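Protein chains in written order, with the numbering used here: chain A, 6 to 330; chain B, 64 to 383.
Just so you know, even glycine gets a beta-carbon here, dropped at the ideal spot from N, CA and C.
All values derive from a computational prediction rather than experimental measurement.
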């Protein structure tokens, strides 16, 4: 992957493919309508999360915590009742775009707030898991032959991976989250700590292959420090499969958070995540279906988008596909 | 082969030891203990809490608690914190309840994803292939309990049939035929819900595996020498594509415990997942730890079985 496989296509009518891996991947990704649709949704989500953070916490335009009991359980697009307007609590859009919940809180404002929370749960959890995975996988791949007493580093790390794989993941997450005091950070950390094993295996396999390649041997022969060989030369070449599993990992983390919320162990009120809006909404499925469908469809769309982009990346990064003109 | 099995049994026993130590430490080091389940109960006096802690060995050092747990587990003396029932028979009863659910789910996953995946691979790029891809991604991405609620509402509204629980209340007097049908009906919906994620993921995997094999030379050779297309696909290609799925049998078993928490909760199915969930709520450490231990044993056994099966089906693999 250090030299993109463009040997066969330099002659002929094809324009010479761009030499950077990112450009190559982008060219292939653009041809995949599903992945592009997913990417579009993700861009929208990112905008919603940033705007949501700004408008619900920094400059409070939409107040997700404002309780308006006279306006409880109003369907989407209904205007606020006049006595509430007098108190200055009316939604900034003039209407409740997604309706209100059982306390009269604006579901649109709560969804905006939840967008950044849900997204940061996904990103932080995956960040933790990727960091641990690259660290341990790289350790096993690069220093694998080093002996610590009677055991090699590689054996030590990989047996630890095996130990972690023995835990039933969701049950373990549930146990730890239930025992620890409820907090959004605990959920991020626990999901991250229980999902790094796949990344570690990928990175180890990539490192084992890269270690023998000419450019790494050359870097060693030039006397570059190991730190530089690992982080400048090997890690960038090993991250492709990690990128795919990280993208899909964000989707899984968002789903896990919603499942935890459903069981009552998710992010606690007053913080809103899409998972706990959905879990709270299930009690009003007949009286106020929007409380259930708005967060449900939002989670579905976002997780689908992450999965589609992840699969698109997997296809685009597949070297066998890449060589095709 | 024999020495390979012995060696890997030894390695796995060692892994199991570490798994149980980690699980024990995690559960015991995390804040929150059985005596704090009901902190607002005015009848809980400090001396009661002290008595509970002493009875559960909670004041002993961790390694002693671990030793007590392992000793009780292997002598079958282990009792739950909550109601002092023996743990193993309790788990066994719940296991028997979970078993039909697990069995039906597995049957649905493996029975449906292979035809779907093979067809998608054979008709690559067709409307069916693209449609099944989109449906599979959609099914992977939908929150399980959200879909379950939609299905429950739809089934109840359309067929006017109850789907919660294991049987309909008031059917005890009905004939055996009706009771069986009632039981099957109550089994199918939760199994299907549990299977949907698996079907979507596995059928994708079957598709990519089949595509990989269909592109190989021996398939082209088979076609070139005039083997009928069905034989090419199902005799030549499928057999070779099946190899990696042997390893997946190993990952089936632990799903018995972890995979079913949500759906057993929704469908009020009193199986292992529910037992684990209740144990977590009650801080019932012996049950949590034993369930986790059993899950680890099942995982390790599963990987061992798949290693052995791999050698059995693939003559290129030899363990010495």
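The residue from 77(A), 125(A) and 157(A) with its alpha-carbon nearest to that of residue 190(A) is 125(A).
Taking a Cβ-Cβ threshold of 7 Å, the residues of chain A close to residue 201(B) are 309, in chain order.
Contact annotation, residue 146(A) with residue 216(A): C-beta distance approximately 7 Å; criterion of less than 8 Å satisfied. In this structure, the CA atom of residue 75(B) is about 6 Å from the CA atom of residue 363(B).
Taking a 10 Å sphere around the C-beta of residue 35(A), we find fewer than 16 other C-beta atoms and assign the residue as exposed.
Per DSSP, reduced to three states, the secondary structure at residue 152(A) is strand.
Interface annotation, residue 362(B): in contact with chain A, CB-CB separation under 7 Å.
Looking at 234(A), 184(A) and 114(A), the one whose alpha-carbon comes closest to that of residue 144(A) is 234(A). Along the stretch 260-328 of chain B, the beta strand (DSSP E) does not occur as any fully enclosed run of 3 or more residues.
Following the DSSP letters along the chain, one finds residue 177(A) inside the alpha helix (DSSP H) bounded by residues 174-184. Taking 7 Å as the cut-off, the beta carbon of residue 127(A) is found no closer than this to the beta carbon of residue 279(A). In the three-state reduction of the DSSP assignment, residue 98(A) falls in the coil class, being assigned neither a helical nor a strand state. Nearest to residue 207(B) by alpha-carbon distance, out of 319(A), 183(A) and 268(A), is 268(A). DSSP places residue 167(B) in the helix class (H, G or I) of the three-state scheme. Taking CB atoms only, residue 204(B) has a neighbour in chain A less than 7 Å away.
Residue 156(A) is classed as exposed because its beta carbon has fewer than 16 other beta carbons within 10 Å across all chains shown. At a cut-off of 7 Å between beta-carbon atoms, residue 218(B) makes no contact with chain A.
Nearest neighbour of residue 372(B) by Cα position, chosen from 339(B), 361(B), 270(B) and 312(B), turns out to be 312(B).
Listed along chain B are 89 and 93, each with a C-beta nearer than 7 Å to that of residue 181(A). Residue contact with chain B for residue 207(A): absent (no Cβ-Cβ distance below 7 Å to any residue of chain B). Proximity of residue 304(A) to chain B, defined by a Cβ-Cβ separation below 7 Å, is satisfied.
Considering only beta carbons, the part of the stretch 166-191 of chain A lying closer than 8 Å to chain B consists of 167, 168, 170, 171, 172, 173, 174, 175, 176, 177, 179, 180, 181, 183, 184, 185 and 186, in chain order. Distance from residue 81(B) to residue 168(A) at the Cβ level is roughly 5 Å; contact confirmed, criterion being Cβ atoms closer than 8 Å. In the structure shown, the three-state DSSP call for residue 145(B) is coil. With fewer than 16 other Cβ atoms from the protein chains shown falling within 10 Å of its own Cβ, residue 302(A) counts as exposed. For residue 272(B) and residue 181(B), the gap between their C-alpha atoms comes out near 9 Å. Chain A places a beta carbon closer than 7 Å to that of residue 209(B), counting this residue as a contact. For a Cβ distance threshold of 9 Å, nothing in chain A lies close to residue 183(B): the least Cβ distance comes to about 14 Å. Under the three-state reduction of DSSP output, residue 71(B) falls in the helix class. 7 Å or more divides the Cβ of residue 298(A) from the Cβ of residue 287(A). Residues of the stretch 258-269 of chain A with a C-beta atom less than 7 Å from some C-beta of chain B are 260, 263, 264, 267 and 268, listed in chain order. The three-state secondary structure of residue 189(B), taken from DSSP, is coil. Not one beta carbon of chain A lies nearer than 7 Å to the beta carbon of residue 281(B). Of all residues in the stretch 327-338 of chain B, only 328, 329 and 336 place a beta-carbon less than 9 Å from a beta-carbon of chain A. Taking 7 Å as the CB threshold, residue 343(B) lines the interface with chain A.
Beta-bridge partners assigned by DSSP to residue 199(A): none are found.
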